[in-house]
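Beneath this line is the structure, given in structure tokens, with notes to follow.
In my numbering, the protein residues as written are 977 to 1046.
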């Protein structure tokens, strides 16, 4: 038996229960931890890229000083 919405529409899923406070808080906690992990990852990648950039600049300066840079 399908549930009909007025004006000919149909709804495929109707939740039978309302989430508890614990489920809502647990969901927000999960989303928050995921966003925090993504933020830490991108922050770490940015610092890693800056470190590598400094290392490459240092190597280029050394090559330039020794005359090995073409």
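We put the CB at the ideal spot given by N, CA and C, even for glycine.
The structure presented is a predicted model; accordingly, all values stated were derived computationally and were not measured.
Could you compute how far the alpha carbon of residue i sits from the alpha carbon of residue j?
i	j	result
residue 1007	residue 1013	10 Å
residue 1043	residue 1034	14 Å
residue 999	residue 1011	18 Å
residue 1048	residue 1032	Here the chain has residues from 977 to 1046 only, and residue 1048 is not among them.
Alpha carbons only, please: which of the options is nearest the one belonging to residue i?
i	options	result
residue 996	1004, 989 and 1020	1004
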